[in-house]
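Just so we're aligned, residue 0 is where the sequence shown starts under numbering that gives the first Met the number 0, counting upward by one.
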Amino acid sequence: MTPDPTVRRQSKITIAELNALREPGRHSVGDGLLLVVGASGSRSWLARIRDANSRRRDIGLGQYPEISLKEARERGAALRKQVRDGLDPVVEKRKAREVTPTFKDAAEKAHGERTAGFRNRKHAAQWITTLRDYAYPHFGNLPVNKVTGPMIVQAMKPIWSEKPETARRTLQRIGTVIAWSAAHGYCDNEAPMKSILMGLPPQTKTKKNHAAIPYVDAPAFMTALCGAEDTLGRQVLQLVILTAGRSNEIRGATWSEVDLDRAIWTVPADRIKMGKEHRVPLSAPAHALLSRLHAFRTEADLIFPSYTGRAISDVAVSKVMREMGSTATVHGWRSTFRDWGAEETSVDKDTIEKALAHQVVNAVERAYRRGDLLEKRRALMEDWAKFLFGEPEALP
């Protein structure tokens, strides 16, 4: 039998009794709480209090069962304490909404404080980029104190097994943002990392090579790519293939790094994995692509800016690979290039590895070998372009 909603309870309600409340209307459940059942079956909490002037106020506490009975009781008790302390709960709630930053705002502030002393600009940029790519789309615009463990689990699931290292670092940084927020009084608690990890599958520790397209299929792929929609993602992928460069280094490339007159792109030490400035010779198609983009450049120094003004994300570039029907990774193109160089050319291994910005000799040899084999690498990259296109030509 459905309880009479007009009867004031003299004892605390049980969970079973609470779940049995289906009659539309307001149901008193004790402790100054009301469960409001809508005509559609929706259920939400109200806390009934009296303010300092003895006026009755009904204040919403959220939906049931998202807000449990225990939590609703705690929130109601907190409101009554505010009244005893001479505060207006409605005003305080409005203040909290105005003061509490979104997760995105908290992350940007935490990033600014944490990375102020970072020497490695690349590491500082990666710290916030992972959050922009994998956390913001899920809860970036929520107040940071509303971000829950289940939300974090859902954000991590798509990349937890696919990109384990990136996922672990992103999760760690999410935890850092919430810990920073707790330290500044925006959250009551830090992120429950132990329970979040319990909600995610175990990660394999076996290192997997990046899936790559066989080099014999590279020309056909490039032909199809040039016929695809001309997006920033496509342009980045074209340059990745033509230069055998790393995606993050190309996505973050700036016009101040490019010398079109000499056909050289110089990646600064703080943006490259080996931590040493690296000159990249531009083949004819790579030069043609950059020249075309330069003709339409904006005031921004970034060559590939997203609509936010920051470098385009790796997600956008990987999306192009998927749209082309490939299961290979963007990074896999470096393996494709290396295999082609080893199988189809007589170029020595050192030149190929140098083209990939790898350190291939020990510290003693490096002290004597000061050159970067630029001209040998230029010839190699021109041959690679000829292989991809048949003959040197400008990209469409």
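A virtual CB, placed ideally from N, CA and C, is assigned to each residue, including glycine. Every value quoted in this text rests on a predicted model; they were computed, and no experiment measured them.
Identity of the residue in the options nearest residue i by Cα
i, options, result
"D57", "L17, V346, W44 and P64", "W44"
"V215", "L238, Q153 and E343", "E343"
"P23", "I14, D30, A154 and R42", "R42"
"L259", "L289, N18, G274 and A227", "L289"
"I311", "K156, Q62 and R131", "R131"
"G31", "N188, Y185 and I12", "I12"
"G37", "R21, A46 and L170", "R21"
"G61", "I48, S53 and L33", "L33"
"M323", "L373, A217, K385 and T335", "A217"
"S334", "A356, V319, R321 and S345", "A356"
"I302", "A252, Q202, N52 and G198", "A252"
"K103", "W179, D87, R72 and G75", "W179"
"G340", "K162, H137, F386 and R321", "F386"
"R47", "G75, I66 and E70", "G75"
"A223", "F295, M320, A19 and E276", "M320"
Element boundaries [beta strand (DSSP E), containing residue i]
i, result
"A310", "Per DSSP, A310 belongs to no beta strand (DSSP E) and is neither H nor E."
"Q62", "R55 to Q62"
"L32", "L32 to V36"
"W339", "W339 -> not in any beta strand (DSSP E); alpha helix (DSSP H) instead, spanning G331 to E343."
Distance between residue j and residue i (C-alpha atoms, nearest Å)
i, j, result
"V89", "L68", "21 Å"
"K375", "G331", "23 Å"
"T242", "A181", "45 Å"
"E91", "R113", "31 Å"
"G174", "A190", "6 Å"
"W254", "H293", "8 Å"
"M221", "A210", "17 Å"
"A299", "Y306", "12 Å"
"E352", "P64", "58 Å"
"Y135", "W264", "32 Å"
"A124", "F388", "35 Å"
"L372", "T350", "7 Å"
"W159", "R83", "47 Å"
"H277", "P213", "27 Å"
Terminal residues of the alpha helix (DSSP H) in which residue i lies
i, result
"S290", "A283 to A294"
"L20", "L20 -> no alpha helix (DSSP H), and no H or E assigned at all."
"R261", "First-last for R261: undefined, no H or E at that position."
"L45", "No alpha helix (DSSP H) holds L45; the beta strand (DSSP E) holding it covers R42 to R49."
"Q202", "Run containing Q202: none; DSSP gives neither H nor E here."
"P136", "Y135 to F138"
"T222", "A217 to C225"
"T350", "K348 to A354"
"E164", "P163 to A182"
"P157", "G148 to W159"
Per DSSP, cross-strand counterpart(s) of residue i
i, result
"L480", "In this structure the chain extends from 0 to 395, so residue 480 is not present and cannot be described."
"H277", "V266"
"T297", "Its beta-bridge partners do not exist; DSSP assigns none."
"S67", "Its beta-bridge partners do not exist; DSSP assigns none."
"T101", "P142"
"T253", "L301"
heavy atom of the ligand MN below 6 Å from residue i C-beta
i, result
"W383", "Although the ligand MN was asked about, the structure shown includes no ligands whatsoever."
Is the segment 244 to 255 in contact with the segment 269 to 283, if contact means three or more CB pairs nearer than 8 Å?
Under the 8 Å Cβ criterion, the segment 244 to 255 counts as touching the segment 269 to 283, having at least three qualifying pairs.
Does the pairing of the segment 225 to 242 with the segment 277 to 287 give three or more beta-carbon distances under 8 Å?
Segments in contact, yes.
Are the segment 75 to 82 and the segment 143 to 162 touching by the rule of at least three beta carbon pairs closer than 8 Å?
Taking 8 Å as the limit for Cβ pairs, the verdict is that the segment 143 to 162 does not touch the segment 75 to 82.
Inspect the CB distances between the segment 164 to 172 and the segment 136 to 144 and report whether three or more fall short of 8 Å.
Output reads no: the segment 136 to 144 does not touch the segment 164 to 172.
Quick check: the segment 302 to 318 against the segment 220 to 231, are there 3 or more CB pairs under 8 Å?
The segment 220 to 231 and the segment 302 to 318 touch, with three or more beta-carbon pairs separated by less than 8 Å.
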